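A.B. asks:
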């Protein structure tokens, strides 16, 4: 859970800002650059998911979710909070974009590793494996293109060998 503690009040009130799940960890917190007020946070278990706290930003996050595939992060914000630097992580690496909140437009900036663009790389699929002591082992599986079931992404068309390093 994401909590806020008011150190200025007599009762030192603890307020829950957001809860994602019992299994996810809070990864990032996006705050207003001027006021420090929380806008949204990410929770990560097998994948990273944004949770909006300030409803004034709901449309922004819906637009970003529709626009990008893979996981996104907000790497930086302008002081007036009208422009965000968005990173998008895919199989081919990290791409950087500027998101203009005023015009609701995204402009591509650059790719972290242009050399990778010449190759077809496969996605990693999150898989949660139960350990002997009952804990979840979050793992990521990459399957060769010619063996991945198009009807069931992240699953092979038939059993294939697997090497798991823990």
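In the working numbering, the protein residues as written are 34 to 199. Idealized CB from N, CA, C, for every residue including glycine. Fair warning: this is a prediction, and the values are worked out from it, not measured in the lab.
Determine the extent of the alpha helix (DSSP H) in which residue 100 is found, giving its start and end residues.
C.D. replies: 91-100
A.B. asks: Taking the DSSP output, what are the residues bridged to residue 105?
C.D. replies: 121
A.B. asks: In chain order, what residues of the same chain lie with their CB nearer than 6 Å to the CB of residue 157, ignoring the 5 residues before and after it?
C.D. replies: 173 and 175
A.B. asks: Leaving aside the five residues before and after residue 112 along the sequence, list all residues of the same chain whose C-beta is less than 8 Å from its C-beta, in chain order.
C.D. replies: 66 and 67
A.B. asks: Identify, in the order they occur along the chain, each residue of the same chain with its Cβ nearer than 7 Å to the Cβ of residue 81, setting aside the five sequence neighbours on each side.
C.D. replies: So the list reads 60, 75 and 104, once near-sequence residues are dropped.
A.B. asks: Have a look at residue 177 and residue 155 and give me their C-alpha separation to the nearest angstrom.
C.D. replies: 7 Å
A.B. asks: Between which residues of its own chain and residue 188 is the CB-CB distance below 6 Å, once the five residues before and five after are set aside?
C.D. replies: 182
A.B. asks: Please list, in chain order, all residues of the same chain as residue 142 whose beta carbon is under 7 Å from its beta carbon, the five residues on each side excluded.
C.D. replies: 129, 130 and 131
A.B. asks: Under DSSP, the beta strand (DSSP E) around residue 153 begins and ends at which residues?
C.D. replies: Neither: residue 153 is in no beta strand (DSSP E) and is coded neither H nor E.
A.B. asks: Quick one: grab the DSSP three-state call for residue 81.
C.D. replies: Reduced to three states, the DSSP call for residue 81 is strand.
A.B. asks: CA-CA distance, residue 164 and residue 190?
C.D. replies: 25 Å
A.B. asks: If we count the other Cβ atoms within 10 Å of its Cβ and call it buried at 16 or more, is residue 121 buried or exposed?
C.D. replies: buried
A.B. asks: Determine the DSSP secondary structure at residue 62, reduced to helix, strand or coil.
C.D. replies: Note: residue 62 maps to strand in three-state DSSP.
A.B. asks: Output the boundary residues of the beta strand (DSSP E) element that contains residue 139.
C.D. replies: 138-144
A.B. asks: Who pairs with residue 69 in a beta bridge, going by DSSP?
C.D. replies: Answer by DSSP bridge pairing: none, since residue 69 is not bridged.
A.B. asks: Assuming contact is defined by CB atoms lying nearer than 8 Å, are residue 73 and residue 49 in contact in what I supplied?
C.D. replies: Contact flag unset, no.
A.B. asks: Take the Cβ of residue 107 as the centre, count every other Cβ of all protein chains shown within 10 Å, and call the residue buried at 16 or more, exposed below.
C.D. replies: Flag for residue 107 reads buried.
A.B. asks: From this set, 196, 166 and 159, which residue's C-alpha is nearest residue 186's C-alpha?
C.D. replies: 159
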